[in-house]
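Visitor: From first to last, the protein sequence lines are chains A and B. The first sequence finishes on residue 421 if you use the working numbering, and the numbering steps up by one all the way, no holes. The second sequence finishes on residue 603 if you use the working numbering, and the numbering steps up by one all the way, no holes. Note that CB positions come from ideal geometry on N, CA and C, so glycine has one too.
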Amino acid sequence: MSSVAQPRRALTREGWAALASAPSPPLLALWADAGDIFALFIDDETAVLVSTEIVDGGYPALSPARPAAAWSERLVYDLWGYVAIGGSDARPWLDHGRWPVTTPLAPRPGAPRPAGPPEFRFHDSLDQLPIGPVRGGIEPAAHLRFAIDGETVVGFEPLLGYSHKGTLGLMRGKSPRAAARFAARIAGEATVAHSLAFARAAEAALGCEPPPRALALRDVMAGLEQIAGSLDRLTATAEAVGDQLLATRLACHGEAARQSAGLAFGHRLMMDCVVPGGVASDMATDGDAAILRMLEDLAAELPDLRLSGRLAGSDDASQRPAALGRRIRRAHALVRAVPAGGLAVPLAAASGEGLGFFADDRGGHIGHWLRLDHGQIAGTFVYDAAWSRWQLLAAAVVGTRLDDLPQVLAAFELCSSGADL
Amino acid sequence: MTTWRRLARSLLAGPRAGTPPRADVEATHSLRTRLDARLHAGLGGGLAVLHVDAGSCGGCEIELRAARRAVYDLERFGVRFVATPLHAEVLLVTGPVTRNMVEALEQAHAAMPEPKLVVAVGDCAVDGGVFKGSYAIAGGAGTTVPVDLQIGGCPPTPERILAGLRALLEANARSKAAVSSR
Chain A
1 MSSVAQPRRA LTREGWAALA SAPSPPLLAL WADAGDIFAL FIDDETAVLV STEIVDGGYP
61 ALSPARPAAA WSERLVYDLW GYVAIGGSDA RPWLDHGRWP VTTPLAPRPG APRPAGPPEF
121 RFHDSLDQLP IGPVRGGIEP AAHLRFAIDG ETVVGFEPLL GYSHKGTLGL MRGKSPRAAA
181 RFAARIAGEA TVAHSLAFAR AAEAALGCEP PPRALALRDV MAGLEQIAGS LDRLTATAEA
241 VGDQLLATRL ACHGEAARQS AGLAFGHRLM MDCVVPGGVA SDMATDGDAA ILRMLEDLAA
301 ELPDLRLSGR LAGSDDASQR PAALGRRIRR AHALVRAVPA GGLAVPLAAA SGEGLGFFAD
361 DRGGHIGHWL RLDHGQIAGT FVYDAAWSRW QLLAAAVVGT RLDDLPQVLA AFELCSSGAD
421 L
Chain B
422 MTTWRRLARS LLAGPRAGTP PRADVEATHS LRTRLDARLH AGLGGGLAVL HVDAGSCGGC
482 EIELRAARRA VYDLERFGVR FVATPLHAEV LLVTGPVTRN MVEALEQAHA AMPEPKLVVA
542 VGDCAVDGGV FKGSYAIAGG AGTTVPVDLQ IGGCPPTPER ILAGLRALLE ANARSKAAVS
602 SR
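#1: Here's the rule: buried if 16 or more other CB atoms are within 10 angstroms of the residue's CB, otherwise exposed. What is Ala389/B?
#2: Which of the three DSSP states, helix, strand or coil, is assigned to Arg424/A?
#3: Does DSSP classify Tyr59/A as helix, strand or coil?
#4: Give a yes or no on whether the minimum CB-CB distance between Gly573/B and chain A is below 8 Å.
#5: Return yes when the Cβ of Phe381/A is within less than 8 Å of the Cβ of Ala47/A, no when it is not.
#6: Between Arg501/B and chain A, is the shortest Cβ-Cβ distance under 8 Å, so that the two count as touching?
#7: How about Ala261/A and Ala228/A: are their beta carbons less than 8 Å apart?
#8: When you compare only the Cα positions, how much space is there between Leu433/B and Arg427/B?
#9: According to the Cβ coordinates, are Ala199/A and Val275/A closer than 8 Å?
#10: Only counting the same chain, and skipping five residues up and downstream in sequence, which positions put a Cβ closer than 7 Å to that of Lys537/B?
#11: Specify the secondary structure class of Ile186/A as computed by DSSP and reduced to three states.
#12: Give a yes or no on whether the minimum CB-CB distance between Met271/A and chain B is below 8 Å.
#13: Given a cut-off of 8 Å on the beta-carbon distance, is the pair His194/A and Ile366/A in contact?
#14: What do you get for Ser3/A, buried or exposed, if any count of 16 or more other CB atoms within 10 angstroms of its CB means buried?
#15: If you check the beta carbons only, do Arg145/A and Phe120/A fall under 8 Å apart?
#16: Pick helix, strand or coil for Ala247/A, following the three-state DSSP scheme.
#17: Check each residue of the stretch 163-194 of chain A: if its Cβ is closer than 7 Å to any Cβ of chain B, include it; give the result in chain order.
#18: Here's the rule I'm using: 16 or more other beta-carbon atoms within 10 Å means buried, otherwise exposed. How should Trp425/B be labelled?
#19: Going by alpha carbons, who is nearest to Gly116/A out of Arg91/A, Leu231/A, Gly136/A, Ala256/A?
#20: Terminal residues of the continuous beta strand (DSSP E) containing Asp373/A?
#21: My output table needs one value for Ile291/A: the three-state DSSP class, helix, strand or coil.
#22: Name the two residues that bound the continuous alpha helix (DSSP H) containing Arg233/A.
#23: Hey, does Thr449/B have any beta-carbon neighbour from chain A nearer than 8 Å?
#24: Using 8 Å as the threshold, is the stretch 47-57 of chain A in touch with the stretch 76-87 of chain A, meaning 3 or more CB pairs across them?
#25: I'd like to know whether the C-beta atoms of Leu206/A and Gly352/A end up nearer to each other than 8 Å.
#26: Between Asp403/A and Ala385/A, is the Cβ-Cβ spacing less than 8 Å?
#27: For Arg401/A, does the three-state DSSP call read helix, strand or coil?
#28: Can at least three beta-carbon pairs, one atom from the stretch 535-554 of chain B and one from the stretch 514-522 of chain B, be found at a separation below 8 Å?
#29: Expressed to the nearest angstrom, what Euclidean distance is found between the alpha-carbon atoms of Ala312/A and Leu512/B?
#30: Counting contacts by CB-CB distance shorter than 8 Å, is Arg258/A in contact with chain B?
#31: Quick check on this structure: which residue in Leu40/A, Thr102/A, Asp33/A has the alpha carbon closest to the alpha carbon of Ser24/A?
#32: Looking at chain A, is there any beta carbon in it that lies within less than 8 Å of the beta carbon of Ser596/B?
#33: Specify whether the stretch 286-301 of chain A and the stretch 254-268 of chain A touch according to this definition: at least 3 beta carbon pairs, one from each stretch, less than 8 Å apart.
#34: Report the option in Leu105/A, Glu53/A, Ala34/A whose CA atom is closest to the CA atom of Met171/A.
#35: In whole angstroms, what is the alpha-carbon distance linking Gly110/A and Val101/A?
#36: For Gly435/B, count neighbouring C-beta atoms within 10 Å of its own C-beta (all shown protein chains included) and say buried if the count is 16 or more, exposed if not.
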């Protein structure tokens, strides 16, 4: 379920440069802490964390060999002010020139920079289609800029940062228990997943292990969140293709899943229910019965909840009911196997470094990294699965006809908060 | 023969009905007021809503979508989500209003026609929520646009969203009825 993380390897500048110039393994995240630059790679489902010292405010860029790393390098510059030497793109990313500071996470943040219009790298001869950040419907804040040739999308660049809330800065200087509230609010649709990855990072840093009942309840919550999430996304897809009857039936099951979570754990999205060291409170006495009833109702109707023919060609959507069936069976087994015991262990006010992961079954990774100093967060970074979905969209949307754009965007389920932090 | 004569006489004699009385001005007025009020309560209560994500984590959007879908079915009360501020009576703001979203929120508000109602949904939109004090946020919808209704919660449940928007619908229908009866 979660990738096995190795301890961090501190590289020499030559070692880093060698890694930077090879296109593999793919980069997951890039951040800075206490004068070092950190890179998290994912190599065959194993997380590899390396770091090197920042010299003269810079580090060798990864973007020449890995074009997708450019967004990460821009993020590192906007938050810490460290330059990717030889990087392919030096435009701002999160910083739109609206903050009262620049490089807010640097040891000495800078004076604000003037706001200017964003620049997009499209050929002058192409028409541009701007969408957002106010997009209508119930959509996340982001600006999408398409370059179009006739009716076809030939280029795409997103402008993110509209959801940047300064979460990393807020987490600093707090205990893991206090900072868990921020981890739970990085991406609403993955609040349990983020709380879990954050808790795992804190527990890895402090070398503690939650009690078996807490671990089992966490698994139940994560399973419930995934079921509710897939029902939400299936409903959105059914709405996008105009299958109202199916959308209605899916929405009823989705609501039942949220209600059972509310009944069992006291919050419909289970926000703040997973905390470092364990879980915040026990499952309600009739919570397991409510969850099992919901799962059985859903399993009974699942064979009929198939998307209509128009979506038959889309691999993702056609795979989903089967994936949902697996998830239901898994959750069913988890709920029935919760052992008795304690709910949380106290956290020591110690120092250490830890990496925590959550791998969802859509192939997405959520990662939290923490450096604790006498029980307080001294440095942190958060990686959300939305980051890679934005990159996939950028690659996949080229060649799409304008008519198909709404369905394509719906299929990618973009969330900006997780990518903007 | 007699038939023709009777007919001609009737035609020449004119109507037998007397001059009709004028309609009672008072009664007409009070009836119109009552009918208008009932019509507005029943039919004129729709609201066109533009959602603006001003940096939300996405939790409020999950519950907003739930409020809109089957089970809660917000649209049965006439609440429609529109795609442009030009069609919106209500601006529904979620998120703590990040500094990067301030201008877009101001522009959306400026582009709306009257009555420019603003609803802040969720603790973040009410006052910044847990993100209070961050360099990157303005701290709630009220810092940027005048807020008419707050629906708190992190996130608010679909019931709370529904109850809040229904209160707005009723208040709006009454004020429309009051305007038309003037």
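Guide: So, from the data block:
#1: Chain B is shown only over 422 to 603; residue 389/B falls outside these bounds and no answer can be derived.
#2: One cannot answer for residue 424/A here, as it falls past the ends of chain A, which runs 1 to 421.
#3: strand
#4: no
#5: no
#6: No, because no Cβ of chain A sits closer than 8 Å to the Cβ of Arg501/B.
#7: Their beta carbons are under 8 Å apart, which means Ala261/A touches Ala228/A by this criterion.
#8: 10 Å
#9: yes
#10: His530
#11: Correct three-state label for Ile186/A: coil.
#12: Between Met271/A and chain B, the shortest Cβ-Cβ separation is below 8 Å.
#13: Taking 8 Å as the cut-off, the Cβ atoms of His194/A and Ile366/A count as close.
#14: A caution first: Ser3/A carries a pLDDT of 46, below 50, which makes its placement in the model too unreliable to give a value.
#15: For Arg145/A and Phe120/A, yes; Cβs fall inside 8 Å.
#16: helix
#17: Ser163, His164, Lys165, Gly166, Gly169, Leu170, Arg181, Phe182, Arg185, Ile186, Ala187, Gly188, Glu189, Thr191
#18: exposed
#19: Arg91/A
#20: 365-373
#21: helix
#22: From DSSP, the alpha helix (DSSP H) with Arg233/A extends over 212-240.
#23: no
#24: yes
#25: yes
#26: no
#27: strand
#28: yes
#29: Caution is warranted here: a pLDDT of 43 is assigned to Ala312/A, below 50, making its placement in the model unreliable, and the coordinate value is therefore given only provisionally. Spanning the two alpha carbons is a distance of roughly 37 Å.
#30: Interface with chain B (8 Å Cβ-Cβ cutoff): Arg258/A is included.
#31: Leu40/A
#32: no
#33: yes
#34: Leu105/A
#35: Distance between the alpha carbons of Gly110/A and Val101/A: 6 Å.
#36: An exposed status is given to Gly435/B, since fewer than 16 other beta-carbon atoms sit within 10 Å of its beta-carbon.
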